[in-house]
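Below: the structure, in structure tokens.
Protein chains: 2
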Amino acid sequence: MRLAVLGAGAVGSSVAELAGEYGHSVVALADSTSAAVDPDGVDVEAALAEKHESGAVGDASVDDALAGEYDVLVEATPTTLGDAQPAYDHVRAAFERDRHVVLANKGPVAERYADVRALERESAGELRFEATVGGAMPVLSTVEDHGPDHVSGLRGVLNGTANFILSRMAAEGLDYEHVLAEAQDLGVAEADPSFDVEGTDTALKCVIVANVLAEGEREYTLDDADVDGIVGIAGSALELANDDGRTVRLVGEVVDGDIRVGPRILPQQSPLVVSGTENVVQLATSNAGLLNVSGRGAGGPETAVSIMTDIRRLE
Amino acid sequence: MRLAVLGAGAVGSSVAELAGEYGHSVVALADSTSAAVDPDGVDVEAALAEKHESGAVGDASVDDALAGEYDVLVEATPTTLGDAQPAYDHVRAAFERDRHVVLANKGPVAERYADVRALERESAGELRFEATVGGAMPVLSTVEDHGPDHVSGLRGVLNGTANFILSRMAAEGLDYEHVLAEAQDLGVAEADPSFDVEGTDTALKCVIVANVLAEGEREYTLDDADVDGIVGIAGSALELANDDGRTVRLVGEVVDGDIRVGPRILPQQSPLVVSGTENVVQLATSNAGLLNVSGRGAGGPETAVSIMTDIRRLE
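As you go down the protein sequences, you meet chains R and X in turn.
When you line the first sequence up against the numbering used here, it's residues 10 to 324, in that order.
When you line the second sequence up against the numbering used here, it's residues 10 to 324, in that order.
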């Protein structure tokens with residue numbers, strides 16, 4: 010397939026770099042203000058080097074990228090809330106031209122799900138967004154294979170930064186601020202970690218799953234989620250849990266149409282207890298019990314692979 | 010889709026019973042010697058009651074079932090080794106009539122993979138067999154989504170009976186014979202448990218995965234697997250492992266084209282350590298690290314659900 014990749018951060022770069030290995034070509038690569046466009050295939054290495062040097066990936070504009078001859082638009086710009094712009098306009102532009110859309114950006118499906126599905130209905134293009142929930146883990150594709158009406162709910166640990174902090178606090182008996190600073194040094198937490206540690210990122214993923222499970226009967230946005238984070242969580246709480254053979258994880262749940270995110274006390278042996286930046290999702294299926302999937306829930310190449318699996322399903 | 014279901018044991022019955030819930034109809038249901046065939050939909054409950062009473066599911070023959078107007082043949086007769094008969098002839102009959110084939114029976118893809126793929130190539134029908142590896146767990150579909158060339162290997166606990174025995178021996182300090190008898194009482198182990206405890210069942214699943222990963226470059230059969238079971242395993246070995254924070258599981262592996270099955274000592278915290286009849290699979294992917302999937306690896310409804318996910322991918 011010919012890909013137009015919007016976003017040249019960790020995920021967008023990885024998509025562009027890995028596309029060839031998965032049998033695709035990159036005909037456009039754009040960041041927020043510039044683009045490299047070539048119907049014969051963009052020289053990805055050169056474009057990324059150019060961005061590194063001059064700050065621009067190429068001489069073309071984002072609009073040029075959107076107007077190019079691609080089969081699939083890969084939307085990997087940073088997630089924005091509310092109107093989900095500019096990603097929403099990118100999605101609209103692609104659907105109006107009957108192209109497929111694959112999202113890494115959570116905004117359009119977490120904040121404007123009905124709008125995006127309406128655009129898709131008017132288009133010959135198809136929408137996929139496995140990469141928005143749990144990086145490389147097959148979550149939405151498993152829901153799709155079972156059928157949303159055969160999955161009654163989801164529980165999961167969906168944020169690697171929060172999980173790293175909690176598992177390290179518990180393992181080493183360190184306090185929140187200390188481990189957060191360490192995570193920032195390691196690049197596991199961002200300079201402004203609020204999106205991760207306040208539970209917003211986990212909540213957005215749950216909102217997306219809730220929208221998929223509701224099959225259009227109801228639309229969810231971040232406002233519908235009941236969200237607690239782990240900011241300033243006491244080391245003593247983790248120690249108490251530990252003494253009792255338990256531990257604490259930041260768990261997101263979609264159950265009976267309710268979305269809840271918060272720290273939960275779990276048995277050490279629970280399938281939901283994964284360590285470090287690992288993620289895990291537990292799907293409750295009708296007729297087949299609980300299915301657990303764990304793996305790397307974030308990262309450039311991991312998320313790019315998830316995008317490749319979406320593209321494969323479009324072929 | 011209109012299904013012809015061959016096999017009226019736990020899996021075949023569940024497929025027939027659940028078909029309607031997943032939007033399909035059953036136009037034929039057969040056991041080894043008789044069939045109920047109705048183009049307008051077989052009365053599944055009546056056919057299974059009839060089998061219970063008279064030993065025959067209906068007045069028609071298996072050949073009548075194969076000659077009916079179905080879209081998908083579901084092959085759920087008992088797995089046989091070597092020539093994989095009569096399943097192989099059923100598969101051929103369906104492909105010759107350009108119908109799709111979904112297998113629960115491991116024989117055709119473990120023992121005659123190249124033959125079956127050759128039949129498929131000559132047919133407008135497509136072959137799927139998710140249910141042959143790990144019951145409800147999405148194993149082959151995940152390999153398919155990543156592409157076989159992007160999965161370098163698999164390790165897994167793929168037999169619930171063996172896992173039940175090992176986890177119960179370790180948890181209760183009981184010996185092999187005692188736990189096996191208990192498992193037989195509970196219906197977890199069959200009267201003749203050799204297929205499970207000698208590692209054959211695990212090996213067949215690994216052979217199937219090896220065939221998929223090899224993409225026709227090489228064909229594997231059971232003869233290519235290096236297989237050790239858990240027959241008579243000493244309780245003292247489990248105790249020793251336990252004292253060291255470890256435990257023993259029957260692990261199947263496909264690595265670099267080698268298929269090995271045997272008891273392995275694993276850390277208690279390993280993702281491969283699941284309890285009871287639970288199964289787990291770990292896929293090594295290129296670019297996205299290890300993916301773990303766990304869930305119910307056997308059982309009528311669970312395996313039937315896996316067949317439903319295959320049928321959904323045929324639509």
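For each residue, glycine too, the CB sits at the ideal point set by N, CA and C.
Because the structure is a prediction, the values reported are computed rather than measured.
Inter-residue Cα distance where the pair is residue i and residue j
| i | j | result |
| --- | --- | --- |
| Gly156/X | Asp184/R | 43 Å |
| Thr318/X | Pro310/R | 27 Å |
| Ala145/R | Glu262/R | 19 Å |
| Pro87/R | Leu90/X | 53 Å |
| Gly238/R | Thr209/R | 8 Å |
| Asn168/R | Ala45/X | 52 Å |
| Leu213/X | Gly64/R | 54 Å |
| Glu186/X | Leu259/X | 17 Å |
| Gly306/X | Pro280/R | 16 Å |
| Tyr229/X | Tyr31/R | 26 Å |
| Arg121/R | Asn220/R | 10 Å |
| Phe204/R | Ala171/R | 10 Å |
| Ser303/X | Asp47/R | 44 Å |
| Glu78/R | Gly143/R | 30 Å |
| Asp235/R | Gly162/R | 16 Å |
| Glu191/R | Thr286/R | 14 Å |
Bridge partners - residue i, DSSP secondary structure assignment
| i | result |
| --- | --- |
| Gln193/X | Note: Gln193/X sits in no beta bridge, so no partner. |
| Arg258/R | Arg273/R |
| Glu84/R | Leu15/R, Leu112/R |
| Arg136/X | Correcting the residue type first, residue 136/X is Leu in the shown sequence and not Arg. Paired residues: Val110/X. |
| Ala44/X | Ala39/X, Ala69/X |
| Ile239/R | DSSP lists no partner for Ile239/R. |
Boundaries (first-last residue) of the alpha helix (DSSP H) holding residue i
| i | result |
| --- | --- |
| His99/R | 96 to 105 |
| Gly328/X | Outside the modelled stretch of chain X, which goes from 10 to 324, sits residue 328/X, for which no answer is possible. |
| Asn172/R | 169 to 181 |
| Asn288/X | That residue, Asn288/X, is in no alpha helix (DSSP H); its beta strand (DSSP E) goes 287 to 294. |
| His9/R | This structure cannot speak to residue 9/R, because chain R is shown only from 10 to 324. |
| Ala223/R | 209 to 223 |
| Val152/R | 149 to 155 |
| Gly127/X | The question names Gly, yet the displayed sequence has Ala at residue 127/X. That run of the alpha helix (DSSP H) goes 122 to 130. |
| Asp205/R | 203 to 206 |
Extent of the continuous beta strand (DSSP E) run through residue i
| i | result |
| --- | --- |
| Asn301/X | 298 to 305 |
| Gly29/R | Where Gly29/R is concerned, there is no enclosing beta strand (DSSP E), given that its DSSP letter is neither H nor E. |
| Thr244/X | Position check: residue 244/X holds Gly in this sequence, whereas Thr was assumed. Looking at the DSSP string, Gly244/X is not in any beta strand (DSSP E); the run it does join, the alpha helix (DSSP H), is 244 to 252. |
| Arg164/R | 160 to 166 |
| Asp235/R | 234 to 236 |
| Ser34/R | 34 to 39 |
Of the listed residues the options, nearest to residue i (C-alpha basis)
| i | options | result |
| --- | --- | --- |
| Val51/X | Ala74/X, Arg164/X, Val260/X, Val282/X | Ala74/X |
| Gly21/R | Leu57/R, Asp49/R, Arg11/R, Gly32/R | Leu57/R |
| Lys60/R | Glu287/R, Asp40/R, Val110/R | Asp40/R |
| Ala140/R | Ala313/R, Leu38/R, Ala127/R | Ala313/R |
| Gly241/R | Arg258/R, Val206/R, Ser284/R | Val206/R |
| Gly165/X | Ile268/X, Ile316/X, Glu26/X | Ile268/X |
| Arg227/X | Ser245/X, Leu300/X, Ala119/X, Thr286/X | Ala119/X |
| Glu131/R | Ala93/R, Gly143/R, Arg108/R, Val152/R | Arg108/R |
| Leu231/X | Asp72/X, Ala246/X, Lys115/X, Val257/X | Lys115/X |
| Val289/X | Asn251/X, Leu128/X, Asp265/X, Val148/X | Val148/X |
| Arg273/R | Val264/R, Glu199/R, Asp72/R, Arg255/R | Arg255/R |
| Gly225/X | Ala102/X, Ala123/X, Gln278/X, Pro202/X | Ala123/X |
| Ala180/R | Ala93/R, Val283/R, Val24/R | Val283/R |
| Gly244/R | Ala234/R, Val216/R, Val257/R, Glu105/R | Val257/R |
| Ala85/X | Glu54/X, Ala55/X, Pro117/X | Pro117/X |
| Val264/R | Cys215/R, Gly67/R, Gly18/R, Thr286/R | Cys215/R |
| Ala133/X | Leu163/X, Gly196/X, Arg101/X | Arg101/X |
Neighbouring residues, chain X, relative to residue i (Cβ below 7 Å)
| i | result |
| --- | --- |
| Thr318/R | Asp154, His155 |
| Leu27/R | Asn296 |
| Val218/R | Chain X residues near Val218/R: none, gap ~16 Å exceeds 7 Å. |
Chain R residues whose Cβ lies nearer than 8 Å to that of residue i
| i | result |
| --- | --- |
| Val106/X | According to the sequence as given, residue 106/X is Arg; it is not Val. Ordered by position in chain R, no residue passes the 8 Å Cβ test against Arg106/X, which lies about 26 Å from the chain. |
| Pro310/X | Asn296, Ala297 |
| Tyr31/X | Gly156, His159 |
| Val35/X | Within 8 Å Cβ-Cβ: nothing; Val35/X doesn't reach chain R, min ~16 Å. |
Neighbour list for residue i in chain X, Cβ cutoff strictly below 9 Å
| i | result |
| --- | --- |
| Arg305/R | Ala297, Gly298, Leu299, Leu300 |
| Arg321/R | Glu153, Asp154, His155, Gly156 |
| Val111/R | Those within 9 Å of Val111/R in chain X number zero; the least Cβ separation is about 13 Å. |
| Val264/R | Correct list: empty, because the minimum Cβ distance to chain X is about 18 Å. |
Proximal chain R residues relative to residue i, where beta-carbon distance stays under 7 Å
| i | result |
| --- | --- |
| Pro147/X | Pro147, Thr151, Asp154 |
| Pro280/X | Ser303 |
Proximal chain X residues relative to residue i, where beta-carbon distance stays under 8 Å
| i | result |
| --- | --- |
| Arg269/R | Per Cβ cutoff of 8 Å: no residues; Arg269/R is ~23 Å from chain X at best. |
Proximity test, Cβ basis, 9 Å: residue i and chain C
| i | result |
| --- | --- |
| His61/X | Reference to chain C is not applicable here, since the protein chains of this structure are R and X. |
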